[in-house]
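**Q** Protein chains in written order, with our numbering: chain A, 6 to 373; chain B, 26 to 398.
Note that the Cβ used here is the ideal one computed from N, Cα and C, for glycine as well.
Every value quoted in this text rests on a predicted model; they were computed, and no experiment measured them.
Sending over a structure as structure tokens; questions will come in a sec.
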């Protein structure tokens with residue numbers, strides 16, 4: 006045991022001495038959380054639009070003003086002919102062009118109807134859909150003001166309650182997501198690289214002939230990273246709470262315990278990768294190519310898992326990040342207790358156990 | 026020239042000798058392309074709805090059938106107790122609860138006002154807003170129908186109607202593949218290029234072989250060209266193969282000139298490889314090089330406008346995207362492939378990436394010399 010503590014100490018010193026790596030490891034998550042927390046949102050604001058107004062009367066001006074004062078749109082360009090529409094889109098920034106027909110106000114007054122064309126840049130269908138809905142809603146509410154004298158004789162009034170996030174802030178979604186992405190990649194990457202490094206430099210053989218058992222070697226290599234990732238968790242959680250006001254409604258102790266479990270899962274995945282890869286480059290490519298995109302895309306971090314096609318929903322079950330994201334959102338935002346997240350917890354623990362068992366098998370195989 | 030060829034040959038051999046590299050470089054990216062384009066949709070369909078009908082009248086049942094008939098909602102549970110609805114929320118078994126109070130129908134008939142309660146899980150704020158909009162439009166339609174049925178149509182046709190017609194340009198079927206395939210391709214090409222370049226030179230440093238290279242008669246620029254060229258070729262190959270797959274499997278349109286895309290990509294890859302090279306001069310171990318690349322990669326990807334619109338970011342963040350190579354490539358891909366933009370439409374992007382490439386490569390070469398000396 007004494008030998009082991011010596012080895013452990015050596016590993017800790019080894020990392021503590023490498024100031025550059027430490028700077029990256031602690032600086033990176035902080036910078037990312039700040040950047041993403043402030044900058045990334047899937048709400049749509051200030052979308053540039055162009056307007057082609059054949060009529061230029063008080064009604065079209067009023068509608069234009071309503072659109073531009075909504076906060077969703079900013080005017081990019083006033084167009085003067087149909088031909089300009091394509092070039093306006095091709096310059097790249099314009100997301101929507103609104104075309105008012107000729108004699109708009111006159112027609113509306115005389116015939117009771119008038120036409121507006123909404124042309125949306127659907128290369129991004131998400132944005133196009135949302136913008137068109139906003140535009141229609143604004144036009145509709147303008148129409149209501151025109152018809153103010155006529156109210157519906159029967160009205161159904163829905164009363165809405167936005168649970169867990171009454172101001173529907175985007176950061177509530179993104180802070181937990183960023184925590185998961187950072188922990189997943191940093192833990193898995195760090196471990197896989199640091200173990201393969203020993204292999205590549207040939208020092209692994211030296212360790213293997215030392216009286217330490219392979220398990221002690223692995224534990225020794227992994228525990229400094231466990232500590233680092235755990236500190237990262239605390240730092241990021243604190244940023245989320247104090248800078249972005251994301252609440253932690255559930256138990257802090259439970260949250261940290263689950264965080265620790267997730268770090269162990271990610272670390273064991275890293276160990277598994279290191280038993281497969283023979284060079285650091287390979288280990289890195291495997292962790293990054295194999296983990297980065299699935300973690301970002303399939304965990305529900307940005308895109309809701311429930312609206313994916315079923316094969317992907319099924320596939321997302323093997324992404325550890327998905328389960329931890331559910332845990333962390335449930336504890337932070339819903340104030341869940343262990344009772345309601347035991348399933349996710351069991352799955353993560355099972356994954357960690359599986360990765361470790363397979364790694365141990367592969368490890369022994371290689372030693373012989 | 027000959028020495029460059031020799032290094033090139035050595036580099037290619039080194040890359041392909043490692044058997045595990047081949048699937049990682051050539052199979053994994055495309056597997057991801059095929060799988061992940063399907064994940065990227067904000068569309069809300071099949072939102073899990075929990076219904077609490079305390080009214081149990083023809084009106085409440087008709088409203089509920091409106092919801093069950095809509096493609097946006099799946100009714101997953103009915104109950105008459107708040108704690109059951111709460112449990113459904115906690116376990117993610119419900120995204121929305123529709124609560125129809127007692128006397129809903131009676132209140133509408135006698136007082137002309139019917140009240141409903143809609144409770145939404147708003148952790149994902151924008152999804153919550155969209156699902157509420159769907160619910161609202163179903164309720165509004167139902168409202169109109171009720172009025173027409175009970176009072177008669179004629180009287181309540183609004184006197185003024187603005188008719189808005191919508192057309193979706195460049196992608197009339199609202200196909201998500203068209204949107205995602207070019208973007209994910211950019212990401213894959215960038216990742217491969219930057220990571221390979223960043224790890225490669227630092228590897229020679231770490232193993233100690235760089236000293237040997239430094240005492241050979243190879244000039245520095247030859248060495249750098251020989252190091253980077255293979256990745257440049259691999260990057261362009263990946264792009265070509267990815268576009269081919271995108272066309273073949275997802276039938277993504279290529280409206281503009283494919284040559285323009287490759288012209289842009291060839292400059293873009295210089296910039297990416299330059300960044301990788303710069304990282305490898307800054308780092309002393311592969312681990313550091315990799316963390317640096319990973320750190321910038323995540324920022325580049327998430328702030329590229331690939332998943333979330335750049336226009337929605339705050340001013341300062343929009344300014345930052347001016348220094349984000351991925352943002353340029355994503356916008357060029359979409360402009361050229363989907364909108365048929367020509368070289369004049371994207372000359373600003375070309376200029377920006379070209380300037381960036383020169384600056385970064387210059388900086389990296391300078392740093393490299395300093396480190397080696």
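List the DSSP bridge partners of residue 105 of chain A.
**A** Note: residue 105 of chain A sits in a beta bridge opposite A/58 and A/121.
**Q** Could you give the C-beta distance for residue 293 of chain B and residue 204 of chain B, rounded to a whole number, given that I count them as a contact under 8 Å?
**A** Not quite, the Cβ-Cβ distance comes to about 20 Å (not below 8 Å), so this is no contact.
**Q** Who are the neighbours of residue 2 of chain B on chain A, taking C-beta pairs under 7 Å?
**A** This structure does not reach residue 2 of chain B, given that chain B is present from 26 up to 398, and the question cannot be answered.
**Q** Using a beta-carbon distance below 9 Å, is residue 236 of chain A in contact with chain B?
**A** no
**Q** On a Cα-Cα basis, can you pick out the residue from A/299, A/100, A/222 and A/68 that is closest to residue 82 of chain A?
**A** It is A/100 whose Cα lies nearest to the Cα of residue 82 of chain A.
**Q** Measure from the alpha carbon of residue 169 of chain A to the alpha carbon of each residue in B/352, B/153, B/99 and B/385, then state which is nearest.
**A** Distance check between residue 169 of chain A and each of B/352, B/153, B/99 and B/385 places B/153 closest, using alpha-carbon atoms only.
**Q** Are at least three pairs of beta-carbons, each pair with one atom in the region 317-335 of chain B and one in the region 239-247 of chain B, less than 8 Å apart?
**A** With a cut-off of 8 Å, the region 239-247 of chain B and the region 317-335 of chain B do not count as touching, because too few Cβ pairs lie within range.
**Q** Within 9 Å (strictly less), CB to CB, does residue 387 of chain B reach chain A?
**A** no
**Q** Check distances from the C-beta atoms of the region 40-58 of chain B to those of chain A and list, in chain order, the residues that come in under 9 Å.
**A** Contacts with chain A (Cβ-Cβ distance below 9 Å) from the region 40-58 of chain B involve 43, 45, 46, 49, 50, 53, 54 and 57, listed in chain order.
**Q** When the Cα atoms are used, what is the spatial distance from residue 360 of chain A to residue 277 of chain A?
**A** Distance from the CA of residue 360 of chain A to the CA of residue 277 of chain A, rounded to the nearest whole angstrom, comes to 6 Å.
**Q** Comparing alpha-carbon positions, which option in A/48, A/297, A/295 and A/60 lies nearest residue 179 of chain A?
**A** A/48
**Q** Name the residues in the region 334-362 of chain A whose C-beta lies less than 8 Å from a C-beta of chain B; which are they?
**A** So the close ones are 334, 335, 338, 339, 341 and 345.
**Q** If we count the other Cβ atoms within 10 Å of its Cβ and call it buried at 16 or more, is residue 281 of chain B buried or exposed?
**A** buried
**Q** Going by C-alpha to C-alpha distance, which of A/118, A/257 and A/172 sits closest to residue 333 of chain A?
**A** A/257
**Q** Spell out whether any CB of chain A is found under 9 Å from the CB atom of residue 317 of chain B.
**A** yes
**Q** Could you spell out the range, first to last residue, of the alpha helix (DSSP H) harbouring residue 176 of chain A?
**A** 176-206
**Q** Rounded to the nearest angstrom, how far is the Cβ of residue 378 of chain A from that of residue 321 of chain A, given a contact under 8 Å?
**A** Coverage of chain A is limited to positions 6 through 373, which leaves residue 378 of chain A absent and any answer about it impossible.
**Q** For residue 189 of chain B, name the three-state secondary structure that DSSP assigns.
**A** strand
**Q** Using beta-carbon positions only, say whether residue 250 of chain B and residue 385 of chain B come within less than 9 Å of one another.
**A** no
**Q** State yes or no: is the C-beta of residue 75 of chain B within less than 9 Å of the C-beta of residue 110 of chain B?
**A** yes
**Q** Indicate the three-state DSSP secondary structure (helix, strand or coil) for residue 50 of chain A in the structure shown.
**A** coil
**Q** Name the chain B residues whose beta carbon is nearer than 9 Å to that of residue 331 of chain A?
**A** 117
**Q** Alpha carbon to alpha carbon, how far is residue 14 of chain A from residue 21 of chain A?
**A** 10 Å
**Q** For the region 43-58 of chain A and the region 251-268 of chain A, state whether three or more C-beta atom pairs, one from each stretch, are separated by less than 8 Å.
**A** no
**Q** Taking the C-alpha atoms as reference points, what is the distance between residue 117 of chain B and residue 336 of chain A?
**A** 13 Å
**Q** Output the distance between the C-alpha atoms of residue 123 of chain A and residue 192 of chain B, rounded to the nearest integer angstrom.
**A** Taking the straight line from one Cα to the other gives about 6 Å.
**Q** Whose Cβ in chain B lies nearer than 8 Å to the Cβ of residue 175 of chain A?
**A** 150 and 151
**Q** Where does the unbroken alpha helix (DSSP H) through residue 41 of chain A begin, and where does it stop?
**A** Here the alpha helix (DSSP H) through residue 41 of chain A covers 24-44.
**Q** Report the start-end ranges of each beta strand (DSSP E) in the region 243-296 of chain A that is 3 residues or longer and not cut off at the edges.
**A** For the region 243-296 of chain A, not a single whole beta strand (DSSP E) run of length 3 or above is found.
**Q** Can you pull the DSSP bridge partners for residue 166 of chain A?
**A** B/144
**Q** By DSSP's criteria, residue 80 of chain A is part of a beta bridge. Which residues make up the other side?
**A** DSSP links residue 80 of chain A through a beta bridge to A/54.
**Q** Threshold first: 4 residues or longer. Then list the alpha helix (DSSP H) segments lying entirely within the region 35-119 of chain B, N to C.
**A** Runs found: 53-61, 83-94 and 107-115.
**Q** So, does the region 82-101 of chain B touch the region 39-56 of chain B, judging by three or more C-beta pairs under 8 Å?
**A** no
**Q** Contact check, residue 58 of chain B vs residue 121 of chain B under 8 Å by CB: the rounded distance?
**A** Their Cβ separation, rounded to whole angstroms, is 34 Å, which puts residue 58 of chain B and residue 121 of chain B out of contact at 8 Å.
**Q** Let me see if you follow: with CB-CB separation under 9 Å, is residue 373 of chain A close to chain B or not?
**A** Any answer about residue 373 of chain A is weak, because its pLDDT of 49 lies below 50 and its placement is not dependable; what the coordinates show is given next. No, no contact with chain B.
**Q** Looking only at its own chain, which residues have a Cβ that is under 7 Å from the Cβ of residue 177 of chain A, when we skip the five neighbours before and after it?
**A** Hits under 7 Å: 170, 251 and 338.
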